[in-house]
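Since the structure comes first, as structure tokens, the remarks are kept for the end.
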Amino acid sequence: MLDNHSAEYKVPEAFLVAPFSTKRTTFKMVDIVNFEDIIRKEPFYFDMLHLASNQPCEDPPWKNSEVAVKAVIEQWKMLKPELQTSYAKRKTNLQVESASIQSISLFLLALFWSNHTPIKSLHVKDMMVSELNQKPVNCEERLLFILNKPSGYHSFIQLQQLFDELEKNFYKTLAIQRLKQKKEITANE
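All letters in the sequence shown, in the order written, are residues 1 to 189 by full-length UniProt numbering.
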């Protein structure tokens, strides 16, 4: 923390990665209460705060992944039509770049938080995607492809497929967990 009064933190080096934020060196403690607004304005806020702060965040989103990942998926579903329209109208890469980077950020949140872990780096090689239990097939290679040209149409298609696979796995895992809990409850009665 840089200053106790302003609650400003240094952006962890692992988050100063292209195409994500590379110009900012600090971020501020947010006073926004709405979770969706936070991830829309500063997608990696909770993950950066986890690394930059001496005090861990109370109730981080990866500890309550059922609620957090659902909210992230909803954000993606709101952004996706905008990107589809942009590609259909053949808008330039600059016009879709911001929405593309936001979408990639949301995928990373959903990927890590569904595995109950924060993002520790935006460098794909340092993400340790292979160690995650829940992940789409060939996730690391596909992420590298997407990040190589984030606003490209083929990257968008790949991202869409990654989100679809992750969402299916996420809800399947939730259903299995609920079934196990239900069996445990009935076994204990």
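All residues carry an ideal CB built from backbone N, CA and C; glycine is no exception.
Q: Check whether the segment 33–52 touches the segment 6–14, counting contact only when three or more Cβ pairs, one atom from each stretch, lie closer than 8 Å.
A: The count of Cβ pairs closer than 8 Å, one atom from the segment 33–52 and one from the segment 6–14, reaches three, so the stretches are in contact.
(Q) Within a Cβ cutoff of 6 Å, which residues of the same chain sit near F112, ignoring the five residues on either side of it in sequence? (A) In its chain, beyond the 5 residues on either side, I119 have a beta carbon closer than 6 Å to the beta carbon of F112.
Q. Starting from K28 and walking both ways along the beta strand (DSSP E), at which residues does that stretch end?
A. Where K28 is concerned, the enclosing beta strand (DSSP E) stretches over T26 to K28.
**Q.** Test item: CB-CB of I104 and P61 under 9 Å
**A.** Between I104 and P61, the C-beta gap is not smaller than 9 Å, which leaves the two residues out of contact.
Q.
Relative to the C-alpha of L83, which candidate in E97, M128, R178 and L122 has its C-alpha closest?
A. Nearest Cα to L83 within the set E97, M128, R178 and L122: E97.
Q. So, using beta-carbon positions, are L143 and M127 closer together than 9 Å?
A. Contact: yes.
(Q) Let's test the definition: count the other Cβ atoms within 10 Å of the Cβ of L179 and tell me whether it reaches 16, buried, or not, exposed. (A) Looking at its Cβ environment, which holds fewer than 16 other Cβ atoms inside 10 Å, L179 is exposed.
(Q) Taking the straight line between their C-alpha atoms, what separation do you get for E189 and D59? (A) Roughly 31 Å separates the two Cα atoms.
Q) With a CB to CB cut of under 7 Å and the five nearest residues on each side skipped, what residues in its chain are close to F35? A) Correct list, in chain order: A71.
Q: Buried or exposed for residue 221, please, with buried defined as at least 16 other CB atoms from any protein chain shown within 10 angstroms of its CB.
A: This structure leaves residue 221 out entirely; the chain is present only between 1 and 189.
Q.
So, for A68: in the same chain, excluding its five sequence neighbours on each side, which residues have a beta-carbon less than 6 Å away from its beta-carbon?
A. These residues qualify, in order along the chain: P61 and W113.
**Q.** Contacting residues, own chain, Cβ-Cβ under 8 Å from K28 (five flanking each side not counted)
**A.** So the list reads S6, A7, E8 and Y9, once near-sequence residues are dropped.
Q | Unbroken alpha helix (DSSP H) run spanning W76, endpoints | A | Per DSSP, the continuous alpha helix (DSSP H) segment holding W76 begins and ends at S65 to A88.
Q | Terminal residues of the alpha helix (DSSP H) in which D59 lies | A | Per DSSP, D59 belongs to no alpha helix (DSSP H) and is neither H nor E.
(Q) Please return the same chain residues whose Cβ sits closer than 6 Å to the Cβ of H123, not counting the five positions on each side in sequence. (A) Taken in chain order, the residues that qualify are V17.
Q. With a Cβ-Cβ cutoff of 9 Å, do Q158 and F145 count as a contact?
A. Yes, they are a contact pair.
(Q) Measuring only the C-alpha atoms, how far is E140 from T186? (A) Straight-line measurement puts the Cα of T186 at about 40 Å from the Cα of E140.
Q: Assign S114 to one of three DSSP states: helix, strand, or coil.
A: The DSSP-derived three-state label of S114 is coil.
Q | Residue from Y153, L162 and E66 whose Cα sits closest to the Cα of Y171 | A | Distance check between Y171 and each of Y153, L162 and E66 places E66 closest, using alpha-carbon atoms only.
Q. Under the rule that 16 or more other beta-carbon atoms within 10 Å means buried, what is E167, buried or exposed?
A. By the neighbour-count rule (16 or more Cβ atoms within 10 Å), E167 is buried.
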